[in-house]
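Just remember that this note's numbering sits 134 ahead of the position in the sequence shown, which is counted from 1. Take a look at the structure set out below.
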Amino acid sequence: MPGSFLRSGAGVKGNLPSWAHKLLHDSLSTKGCFSIGDVDVTDEGYTIRYASPGFCDLFDCESSDGLGKRSCNFVGYSLAARHLITVAQTLGMNLQEAKTRAQFALDNSVQQGTMCSGGTWDKPSSGVGYALVLASNGTSEPFVCELVLSSRSELRTSWGYTVILHRDVTNEVPVRKLLEAACPGGGFDQLVQEQKLGLRRRLSSAGINSRSAVLCFQQTALEVWTGKLIDKAREIATNAQGPFPAWEYTFMQDHLSTQQSFLLADTGVTDDGVTLRYTSPGFCDLFELDASEIAVTRHCQQLIGYHAIRRNVATLAAQVGMDFQQVKDRLLFVYDFALCEGKAVMGSWDRWP
135 MPGSFLRSGA GVKGNLPSWA HKLLHDSLST KGCFSIGDVD VTDEGYTIRY ASPGFCDLFD
195 CESSDGLGKR SCNFVGYSLA ARHLITVAQT LGMNLQEAKT RAQFALDNSV QQGTMCSGGT
255 WDKPSSGVGY ALVLASNGTS EPFVCELVLS SRSELRTSWG YTVILHRDVT NEVPVRKLLE
315 AACPGGGFDQ LVQEQKLGLR RRLSSAGINS RSAVLCFQQT ALEVWTGKLI DKAREIATNA
375 QGPFPAWEYT FMQDHLSTQQ SFLLADTGVT DDGVTLRYTS PGFCDLFELD ASEIAVTRHC
435 QQLIGYHAIR RNVATLAAQV GMDFQQVKDR LLFVYDFALC EGKAVMGSWD RWP
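Next comes the structure, spelled out in structure tokens:
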């Protein structure tokens, strides 16, 4: 399975059997040390939206410790400056100078982040950012962390995101060596470039290649994006001014995904109804159908749950004591009324009509 993270990922659509995709995806998602953030990099870095289990192990933190925070304010980086007294004394520096040099390296990582924007879902940004920063896992000894930055966009939502791979490289670049170089004219750029030379080989040996990485990153990004929408929905539920208390909105929202009968469809309503894109388990139970039976079906006129009634009008007429044509006319009236209601209920993503 050739390829590396630095090679765009053009082979993502094929060549690997499904079991291999799952194997690589699982390895990266459970062991790989990476974070995902927005693409809007500022002087404080990027906003952390996801932290992998490997990331949490490296920094000895909970995923919630960094979520929603700018990377430069993440405790894993900010704590490092507090544990420089011993290092500063060894280097013959005062504490403030050591902190300034640590910040110099961190600022360089932000500059790298601004270089790697604009990637597509199957091809990362043309420039892959690379940086060395001082980090901490809460102990008194900071470590040197290697960052590899690349931007992509999620296929279905077009959400732009930045992937950052993290690795402890203190054995390769000691803290002392990093701080000695981290100043104008100190050879910092040369140090970073020398360390970057072996990147392709290291990533490949770690099993991180384009075909596995894109699967994991895309799925994680979609879950993060969806989670942001869910958070917004919960916020609306908390501040709801409707007939139910806020806790009941949240309760109903939770059961909606697992028990209630509902469908999702395009907004283009015609005389045939709407095109179905998703049907909940409860919907399939109600009509005794499999989701695959009604995928991309026009609701109302072709959905078997309604169409079956039209085929059995005679039986229905006998049951309700009406003549055949009268029942057909009344069914059509009900369908037309439902279509009119559908056309009148177009709302925005975060607001009911």
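The beta-carbon is built from N, C-alpha and C at its ideal position, and this holds for glycine as well. Just so it is clear, the structure is predicted and the values come from calculations on it, not from any experiment.
Checklist entry - If D410 and L397 are in contact, beta carbons under 8 angstroms, what's the gap, nearest whole angstrom? => result Within the sequence shown, the letter at position 276 stands for residue 410. Within the sequence shown, the letter at position 263 stands for residue 397. A small fix is needed here, since residue 410 is Leu in this sequence, not Asp. Right, their Cβ atoms sit about 6 angstroms apart.
Checklist entry - Is there contact here, the segment 266–279 with the segment 230–240, by at least three beta-carbon pairs under 8 angstroms? => result yes
Checklist entry - Are R240 and C195 closer than 8 angstroms when you measure CB to CB? => result In the sequence shown, residue 240 corresponds to position 106, counting from 1. In the sequence shown, residue 195 corresponds to position 61, counting from 1. The question names Arg, yet the displayed sequence has Leu at residue 240. For L240 and C195, no; Cβs fall outside 8 angstroms.
Checklist entry - Closest by CA to F458, which one among Q246, G226, R464 and A448? => result For the purposes of this step, residue 458 is identified with residue 324 of the sequence shown, where counting begins at 1. The option with the nearest alpha carbon to F458 is A448.
Checklist entry - Rounded to the nearest angstrom, how far is the Cβ of I510 from that of G171, given a contact under 8 angstroms? => result Outside the displayed span of the chain (135 to 487) sits residue 510, for which this structure offers no information.
Checklist entry - Can V282 and V262 be called in contact, C-beta distance under 8 angstroms? => result On the sequence shown, position 148 is the one that residue 282 refers to. On the sequence shown, position 128 is the one that residue 262 refers to. Yes; because the gap between Cβ atoms is below 8 angstroms, this pair is in contact.
Checklist entry - For G188, which three-state DSSP category applies? => result Position 54 of the sequence shown holds residue 188. It is helical.
Item to check | E422 (DSSP reduced to helix, strand or coil) | outcome: Translated into positions along the sequence shown, residue 422 becomes position 288. Correct three-state label for E422: coil.
Checklist entry - Cα separation between E314 and L299? => result In the sequence shown, the residue the question calls residue 314 occupies position 180. In the sequence shown, the residue the question calls residue 299 occupies position 165. Between E314 and L299, the C-alpha separation is close to 24 angstroms.
Checklist entry - Among the residues of its own chain, which have a CB less than 6 angstroms from the CB of Q222, if the five just before and after it don't count? => result Here residue 222 is taken as the residue at index 88 of the sequence shown, counted from 1. A small fix is needed here, since residue 222 is Ala in this sequence, not Gln. Contacts found: L229 and A232.
Item to check | Selection from L325, R310, T296 and Q453 that minimises the alpha carbon distance to T176 | outcome: On the sequence shown, residue 176 is found 42 positions in, with the first residue counted as 1. Nearest C-alpha to T176: T296.
Checklist entry - Roughly how many angstroms lie between the CA atoms of V461 and P415, to the nearest whole one? => result Residue mapping note: residue 461 aligns to position 327 of the sequence shown, counting from 1. Residue mapping note: residue 415 aligns to position 281 of the sequence shown, counting from 1. Using only the alpha carbons, I get a separation of about 31 angstroms.
Item to check | Enclosing beta strand (DSSP E) for G179 [first to last residue] | outcome: In the sequence shown, counting from the first residue as 1, residue 179 sits at position 45. First-last for G179: undefined, no H or E at that position.
Item to check | Integer Cβ distance of Y264 from K203, believed to fall under 8 angstroms | outcome: Start at 1 with the first residue of the sequence shown, and residue 264 comes out as number 130. Start at 1 with the first residue of the sequence shown, and residue 203 comes out as number 69. Actually they do not touch by this definition, with Cβ atoms about 22 angstroms apart.
Next on the checklist: For V303 and F208, I'd like the C-alpha separation in whole angstroms.
Outcome noted: Residue mapping note: residue 303 aligns to position 169 of the sequence shown, counting from 1. Residue mapping note: residue 208 aligns to position 74 of the sequence shown, counting from 1. Using only the alpha carbons, I get a separation of about 19 angstroms.
Item to check | Local Cβ density within 10 Å of N242, reported as buried at 16 or more and exposed below that | outcome: Residue numbering aside, residue 242 sits at position 108 when the sequence shown is read from its first letter. N242 should be labelled buried.
Next on the checklist: Rounding to the nearest angstrom, what Cα-Cα distance links Y211 and S270 in this structure?
Outcome noted: Taking the first residue of the sequence shown as 1, we reach residue 211 at position 77. Taking the first residue of the sequence shown as 1, we reach residue 270 at position 136. For Y211 and S270, the distance between alpha carbons rounds to 6 angstroms.
Item to check | CA-to-CA distance, L333 to V307, given in whole angstroms | outcome: Sequence index remark: in the sequence shown, residue 307 carries index 173 (1-based). Sequence index remark: in the sequence shown, residue 333 carries index 199 (1-based). Approximately 14 angstroms, taken between the alpha carbons.
Next on the checklist: So, at 7 angstroms on beta carbons, what are the nonlocal neighbours of V403 in its own chain, with the 5 sequence-adjacent residues on each side left out?
Outcome noted: One-based indexing of the sequence shown puts residue 403 at position 269. For V403, where only same-chain residues beyond five positions count, the Cβ hits under 7 angstroms are L473, G476 and K477.
Next on the checklist: Going by DSSP in three states, F467 sits in which element: helix, strand or coil?
Outcome noted: On the sequence shown, residue 467 is found 333 positions in, with the first residue counted as 1. Three-state result, F467: helix.
Checklist entry - Just reading off the alpha helix (DSSP H) that L325 is part of, what are its end residues? => result Looking up residue 325 in the sequence shown gives position 191. F322 to K330 is the span of the alpha helix (DSSP H), which, as asked, contains L325.
Checklist entry - What is the residue span of the alpha helix (DSSP H) that V307 lies within? => result Within the sequence shown, numbered from 1, the residue matching residue 307 stands at position 173. Premise fails: V307 is in no alpha helix (DSSP H) and is neither H nor E.
Next on the checklist: Considering only the alpha carbon of each residue, which of L312, T220, G294 and A451 lies closest to Y98?
Outcome noted: It is not possible to answer for residue 98, since the shown part of the chain is limited to 135 through 487.
Item to check | Close-in-space but distant-in-sequence residues of the same chain around G321 (CB under 6 angstroms, 5 per side omitted) | outcome: Residue 321 sits at position 187 when you count from the first residue of the sequence shown. Contacts found: A315.
Checklist entry - Going straight from the alpha carbon of F168 to that of G200, what length do you get? => result Translated into positions along the sequence shown, residue 168 becomes position 34. Translated into positions along the sequence shown, residue 200 becomes position 66. Their backbone Cα atoms lie some 12 angstroms apart in a straight line.
Checklist entry - Hey, out of L466, C317, G319 and E280, whose CA is closest to F189's CA? => result As a working note, residue 189 is residue 55 in the sequence shown. Cα-wise, what sits closest to F189 is E280.
Next on the checklist: So for E231, helix, strand or coil by DSSP?
Outcome noted: Counting from 1 along the sequence shown, the entry for residue 231 is found at position 97. Correct three-state label for E231: helix.
Checklist entry - Between which two residues does the beta strand (DSSP E) carrying A265 extend? => result Reading the sequence shown from its first residue, position 131 is the one you call residue 265. Per DSSP, A265 belongs to the beta strand (DSSP E) from G263 to A269.
Checklist entry - Which class does L450 belong to by DSSP, given the choice of helix, strand or coil? => result By 1-based counting over the sequence shown, the position of residue 450 is 316. In this structure, L450 counts as helix in the three-state DSSP scheme.
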